[in-house]
Each structure stands twice: as C-alpha cells, then as structure tokens.
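According to the working numbering, the residues represented by the sequence shown are 54 to 547, in order. Here's the structure we're looking at; comments come further down.
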Amino acid sequence: MEKSERMLIDENKPIAEKLKAIGAAFIIGLLVNYFFTEDDIGVSAVIYHGVVILGAIWILHRKIDLNKSISYIFLVPIVLLSSTYAIYNNEVLRTINSMLIPLLIVSYILIIRYEEIKEIKLDLLARIVERILPESFATIPKLFDFTKEIIRSRKKSKMNGTQKNILRGLLLSLPLLLVIIGLLASADRVFQYYVEDLGNLFGKLDLFNFLGDCIIVIPITLYMFGFLWSFQYENKVDREAINIKRIEWEPITLITIIFTINIVYLLFTVIQFSYLYAEGAQLPMGFSHAVYARKGFFELVFVTIINFIILSTSMKFCKRDNLKVNKIANVSYSLLIGFTFNMLFSANYKMNMYEKMFGYTRLRLFVQVFMLLLAILLIIVLVGIWMKKVPVLKLIIIATMVVYIGLNFMNVDKIIAKNNIERYKMDQKIDMDYLESLSFDAFDEVAKLVDSKETKIQIKTIQYMKRKIKSIKDSYDHWYEYNYYKGNILKRYQ
54 MEKSERMLID
64 ENKPIAEKLK
74 AIGAAFIIGL
84 LVNYFFTEDD
94 IGVSAVIYHG
104 VVILGAIWIL
114 HRKIDLNKSI
124 SYIFLVPIVL
134 LSSTYAIYNN
144 EVLRTINSML
154 IPLLIVSYIL
164 IIRYEEIKEI
174 KLDLLARIVE
184 RILPESFATI
194 PKLFDFTKEI
204 IRSRKKSKMN
214 GTQKNILRGL
224 LLSLPLLLVI
234 IGLLASADRV
244 FQYYVEDLGN
254 LFGKLDLFNF
264 LGDCIIVIPI
274 TLYMFGFLWS
284 FQYENKVDRE
294 AINIKRIEWE
304 PITLITIIFT
314 INIVYLLFTV
324 IQFSYLYAEG
334 AQLPMGFSHA
344 VYARKGFFEL
354 VFVTIINFII
364 LSTSMKFCKR
374 DNLKVNKIAN
384 VSYSLLIGFT
394 FNMLFSANYK
404 MNMYEKMFGY
414 TRLRLFVQVF
424 MLLLAILLII
434 VLVGIWMKKV
444 PVLKLIIIAT
454 MVVYIGLNFM
464 NVDKIIAKNN
474 IERYKMDQKI
484 DMDYLESLSF
494 DAFDEVAKLV
504 DSKETKIQIK
514 TIQYMKRKIK
524 SIKDSYDHWY
534 EYNYYKGNIL
544 KRYQ
C-alpha cells in the first residue's frame, strides 16, 4: 500500500481507535513483564495468548470475519498448545511452542483480517514473515505521532459537567473501595490471596524496579502497537508478482531421474527382504543386533525426507500438457512413495531394536513420531497424485498440526520413564541421571523406583523426589504459574 494511502487511513481514524491500539499494546507489554520475566509459565500462557488475540479482534472488529472456516485450522492449535503450558512441563516442546504459537497467531489474524486469503498457499508463509518483521517495525513510529495527536486533542478539549462528575465520583470512591476490599480480604483467605497477588503487579513497578520494567515493557509495547496497527491497512496484492511466469520442469527429465532413483531403491528393498522381512529375520554374518540397530537409522530418515522433497517439487513444477506422460510420471511418483514406505518401516524397525537395547529418550521418541508424520504425509501426497482436486498443502498442515498436538498431549516424559523402568525390571539396567533430567511430568513414574530392590536406586530416587518437591515449593508461588503436574505433586507431598 502507498504511503499516502496509509496516511489517509491514519488521519481518518478517530482518536478512540488509536487509544485502543496503544492501550492494548501497553497491556500486552505489562503482561509479558508480569508473567514471564521471573516466574514459571503455566496458565499465564493461556491468558497471554488469549489477550493478544482478543486485543486484535477488539481493535479490528469492523474489518474481520470470524466465521472463516479456514481460520480454525490455526485457532484450535493455538488454544490447545497454549493449554499445554498449564498441564505439562517438557522443556523441548515448550521451547518449540514458544516459537510456533506466535506464528499461528499471526496466521490466524491474517486470515480473519484479509478477505482475499481464502485458502492455504505457500505465499501465506511470506505474508507471515513480512508481518512479523518489516510491516510491524515500519508501523512503530505511528505510536509517537498518535501520542502527540492525543495530547494536542486533550489540551483543546475541556471536560463537560458529566465528565467532571464521573471523575469526582471515581476519586471519592477510592477510599471506600480500599476499606471494602480490606474487609473482604480479612473475611476470606482465598480472596485475600488473589488481592495480594494482584498487588504484586504494582510492587514490581516500584522505584527500585521501574527501570528494569521499562526495559521490558516499552519495547514490547512499541512492537505490539506496530504489529496490531499494521492490520489497519489493506493488504493489496501485487498482481505483477502473481503474473510471473510459472517455473515448469520437463516431465521426461523428471521421470528419468525418479526412474534411476527407483532402481537403486528396488535393489535396497530386495536386499532387505532377504534378511529383514524373511521368516526368522536373520541378520548377515558379522552383524550383531546392536550394531545393526545403531547404524543407518538417521541416514534412512534423511533419505525419506529427500524423497518427500523430490515428490513435492516434482508435483509442483512438472509440466502437465501430455496426458500419457503425466500417467507415467504418476506411476513413478507412486513407486517412489512405495519404496519410501519401506525405508520408514526399516528405520522404525532399527529404532525399536535400538530402544530395547539402549533405552528410551526424548530424541528417539520424537523421531518415531516424526516418522509416523512422514508416513501420513506420504499417504496424502499419494492421494494428491491421482486426485488433483485434493488440497494437498491444506491436508499436510492439518495432519502436521494433529500429530504435533498429539505429541504435546501424550506426555512424552512419562512414557519414557515408564518404558525405561519396565526395561529395568527385565535387565536391571537403568540410566538414573537421564530419568532425573526429565520434567515434572515423569515424577510419578520415577518415584516408583523407591520400591526398587537395589538400595542405591532407592536412595537416588528419594533424593530426586526431595529435590523436585523443593524446586516446586521454591518457585511455584503465584496463581498464574498453575500447572497440573506441579500442583498434583504439591498436593501429595506438601
């Protein structure tokens, strides 16, 4: 959009609209400082993400369409992934979510704001990056312009009789409110707890901490204002960019490449069938199960990813003007998918073997879930090869979200601890240091080792439990830090 058009939009916006954007940005800045600077993240994540979305809806309510069905592909994951902060404690997933949820929020606001976004395309990613970086930062200076405008308008305007009476009433009610709140706090301990906790917000903004708070609140306020106000402008599509000539690859060249790759994969599959899938599943001479399981797993996963990229790009850029050649290409793609499934099965077989011998870890479980996702995506691509009307990209995003949300809710750390303890009961091998490094989600499972027959394991488990309980008691002291697993531990061992 032209600079002059943006200036015209800004001039036509009433001061109340500008105040709303500044106020919403400031509240978000305060929440970041209050919730996330010193305290653990719990239900605060749900509140914060909710405030950001509701703030955007409040500011843009005349320009948005909340009924667009495509928007739920992003809204539902935002709600579910935000809620995991109030339930689970897996540090790896929390770190990923801290980056993923903001991207989902930007996607959601873009979709409900701009009418032309009616389906998920690759250019949505470019829009997201553009909105997070250049668009938001370019709009930040508007805050200073609007502030000057607001101050000038306040100087010009004088309060009428009604406004004076309201202000007088508010001032007179303050002492009365302080007395009433004090009496209610004395009458109810729970109410007193929430009042005192709310008072911490102002306690954090005293003279001693004011500078530190400003260092956090001001940049967040500036950025969030730029982000929220940038949606006031129309997102004009660059027609010239759209009309750029589409890149097209010769199908014969692609078929030749894929045919050559398929021959290699066929040989690989035949060799595997001779020892992996045959009755008895005997490994070649000189290979132990440990060596076989350890070698080649990540290479197979990497080859699977390469195959997926080959399929995606070939389907996107291959010429489709010859029906017969297209059918041959589709058969080649389908064969490549078949061989890729074999590699996924082989990689999963190796991983299962490896876990039985060396135990379970987050990385190993994450990779297995990733392989499941790849298998689902390959099925979607296979359907898309033969049914051109299938929205492949949309289904890929939905499938990825479903699998990732499932991973968040399956309690990875508890599964790891449980399986490693079951393995310990069979072969008396366990890595206590690794179990102790897991989050609070695994506490109940690890605590079962108190009943171990080994005194050393019993002692380490008791020490582990004391450390974890002390850690919760030392840091878990605000309502907005609430977390299901931490709360359960405190209830039982307080």
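No residue lacks a Cβ here, since even glycine has one placed at the ideal position from N, Cα and C.
Report the residue from S492, I149, L275 and N142 whose alpha carbon sits nearest the alpha carbon of D198. Here residue 198 refers to the residue found at position 145 of the sequence shown. Here the closest residue by C-alpha is L275.
Between which two residues does the alpha helix (DSSP H) holding G76 run? Stepping through the sequence shown from its first residue, residue 76 is reached at position 23. Per DSSP, G76 belongs to the alpha helix (DSSP H) from I68 to F89.
Output the distance between the C-alpha atoms of F462 and T137, rounded to the nearest integer angstrom. Position 409 of the sequence shown holds residue 462. Position 84 of the sequence shown holds residue 137. Rounded to the nearest angstrom, the two C-alpha atoms are 7 Å apart.
How far does the alpha helix (DSSP H) with F321 in it reach, from first residue to last? The sequence position of residue 321 within the sequence shown is 268, counting from 1. Note, F321: alpha helix (DSSP H), P304 to Q325.
Which same chain residues end up closer than 6 Å to M277 when comparing Cβ atoms and leaving out the 5 residues on each side of it in sequence? Taking the first residue of the sequence shown as 1, we reach residue 277 at position 224. The answer, listed in chain order, is A78 and I81.
Entirely enclosed alpha helix (DSSP H) segments - the segment 480-525, minimum 4 residues: 485-490 and 496-500
Can you tell me which residues form a DSSP beta bridge with A371? Working through the sequence shown from its first residue, we reach residue 371 at position 318. With the sequence shown as reference, residue 371 is identified as Cys, and Ala is not the correct amino acid for it. Paired residue(s): W302.
Closest Cα partner of E144 within the set L72, I165 and I94: The sequence position of residue 144 within the sequence shown is 91, counting from 1. E144 has its Cα closest to that of I94, out of L72, I165 and I94.
Could you have a look at Y404 and say whether DSSP puts it in helix, strand or coil? The count along the sequence shown starts at 1 and reaches residue 404 at position 351. According to the sequence as given, residue 404 is Met; it is not Tyr. Correct three-state label for M404: helix.
Roughly how many whole angstroms lie between the Cα atoms of I68 and I203? Counted from its first residue, the sequence shown places residue 68 at position 15. Counted from its first residue, the sequence shown places residue 203 at position 150. Whole-angstrom Cα-Cα distance: 7 Å.
Does L119 come out as helix, strand or coil in the three-state DSSP assignment? Locating residue 119 in the sequence shown gives position 66, where the first residue counts as 1. The answer is coil: DSSP assigns L119 none of H, G, I, E or B.
For I131 and I154, I'd like the C-alpha separation in whole angstroms. Counted from its first residue, the sequence shown places residue 131 at position 78. Counted from its first residue, the sequence shown places residue 154 at position 101. Cα-Cα distance, rounded: 6 Å.
Between the C-alpha atoms of I140 and K544, what's the straight-line distance to the nearest angstrom? One-based indexing of the sequence shown puts residue 140 at position 87. One-based indexing of the sequence shown puts residue 544 at position 491. Roughly 15 Å separates the two Cα atoms.
In angstroms with no decimal places, state the Cα-to-Cα distance between T366 and V182. Counted from its first residue, the sequence shown places residue 366 at position 313. Counted from its first residue, the sequence shown places residue 182 at position 129. Answer to the nearest angstrom: the Cα atoms are 22 Å apart.
The alpha helix (DSSP H) spanning M152 covers which residue range? The residue you call residue 152 lines up with position 99 of the sequence shown. Per DSSP, M152 belongs to the alpha helix (DSSP H) from E144 to R166.
Using the C-alpha atoms, what's the distance from I305 back to L376? On the sequence shown, residue 376 is found 323 positions in, with the first residue counted as 1. On the sequence shown, residue 305 is found 252 positions in, with the first residue counted as 1. Using only the alpha carbons, I get a separation of about 13 Å.
Can you name the start and end residues of the alpha helix (DSSP H) that P130 belongs to? One-based indexing of the sequence shown puts residue 130 at position 77. Note, P130: alpha helix (DSSP H), Y125 to T137.
Span of the alpha helix (DSSP H), counted from its first residue to its last, around M424: Against the sequence shown, residue 424 aligns to sequence position 371. Here the alpha helix (DSSP H) through M424 covers R415 to W439.
Going by the CB atoms, is the gap between I515 and L491 shorter than 8 Å? The residue you call residue 491 lines up with position 438 of the sequence shown. The residue you call residue 515 lines up with position 462 of the sequence shown. No, Cβ-Cβ distance for L491 and I515 is not below 8 Å.
Measuring alpha carbon to alpha carbon, tell me which of L157, Y101, G76 and K71 ends up nearest V85. Position 32 of the sequence shown, counting from 1, holds the residue named residue 85. Among L157, Y101, G76 and K71, the Cα nearest to that of V85 belongs to Y101.
Less than 8 Å separating the beta-carbons of F75 and L186? Taking the first residue of the sequence shown as position 1, residue 75 is located at position 22. Taking the first residue of the sequence shown as position 1, residue 186 is located at position 133. A small correction: the amino acid at residue 75 is Ile; Phe does not occupy that position in the sequence shown. No, Cβ-Cβ distance for I75 and L186 is not below 8 Å.
Please classify N536: does DSSP put it in a helix, a strand, or coil? What you label residue 536 is simply residue 483 of the sequence shown in a count that begins at 1. Coil.
Could you check the C-alpha separation between I117 and M518 for me, to the nearest Å? In the sequence shown, the residue the question calls residue 117 occupies position 64. In the sequence shown, the residue the question calls residue 518 occupies position 465. Looking at the two C-alpha atoms, the distance is approximately 51 Å.
The alpha helix (DSSP H) with Y529 in it runs from where to where? Position 476 of the sequence shown, counted from the first residue, corresponds to residue 529. Neither: Y529 is in no alpha helix (DSSP H) and is coded neither H nor E.
What separation, rounded to the nearest whole angstrom, lies between the Cα atoms of I308 and K447? On the sequence shown, position 255 is the one that residue 308 refers to. On the sequence shown, position 394 is the one that residue 447 refers to. Distance between the alpha carbons of I308 and K447: 26 Å.
Evaluate the contact criterion for the segment 434-452 versus the segment 398-410: three or more CB pairs, one atom per stretch, below 8 Å. no
How many whole angstroms separate the CB atoms of K513 and M485, which I take to be in contact at a CB cut-off of 8 Å? Within the sequence shown, the letter at position 460 stands for residue 513. Within the sequence shown, the letter at position 432 stands for residue 485. The pair is a contact, with the Cβ atoms about 5 Å apart (cut-off 8 Å).
Span of the alpha helix (DSSP H) holding N461? Within the sequence shown, the letter at position 408 stands for residue 461. V445 to F462 is the extent of the alpha helix (DSSP H) around N461.
According to DSSP, is V96 helix, strand or coil? Along the sequence shown, one-based indexing puts residue 96 at 43. Three-state result, V96: coil.
Roughly how many whole angstroms lie between the Cα atoms of L229 and R180? Within the sequence shown, residue 229 is the residue found at index 176, counting from 1. Within the sequence shown, residue 180 is the residue found at index 127, counting from 1. Roughly 52 Å between the two C-alpha positions.
Put L388 into one of helix, strand or coil per three-state DSSP. In the sequence shown, counting from the first residue as 1, residue 388 sits at position 335. L388: helix per DSSP, three-state reduction.
Taking only three categories from DSSP, how would you classify D176? In the sequence shown, the residue the question calls residue 176 occupies position 123. Of the three classes helix, strand and coil, the one that applies to D176 here is helix, per DSSP.
Indicate whether L128 and Y161 have their beta-carbon atoms separated by less than 8 Å. Position 75 of the sequence shown, counted from the start, is the residue given in the question as residue 128. Position 108 of the sequence shown, counted from the start, is the residue given in the question as residue 161. Cβ atoms of L128 and Y161: closer than 8 Å.
Distance between K509 and N541 (C-alpha atoms, nearest Å): Here residue 541 corresponds to residue number 488 of the sequence shown, with the count starting at 1. Here residue 509 corresponds to residue number 456 of the sequence shown, with the count starting at 1. N541 and K509: Cα-Cα distance of roughly 27 Å.
Return helix, strand or coil for P228, following the three-state DSSP convention. For the purposes of this step, residue 228 is taken as the residue at position 175 of the sequence shown. Helix.
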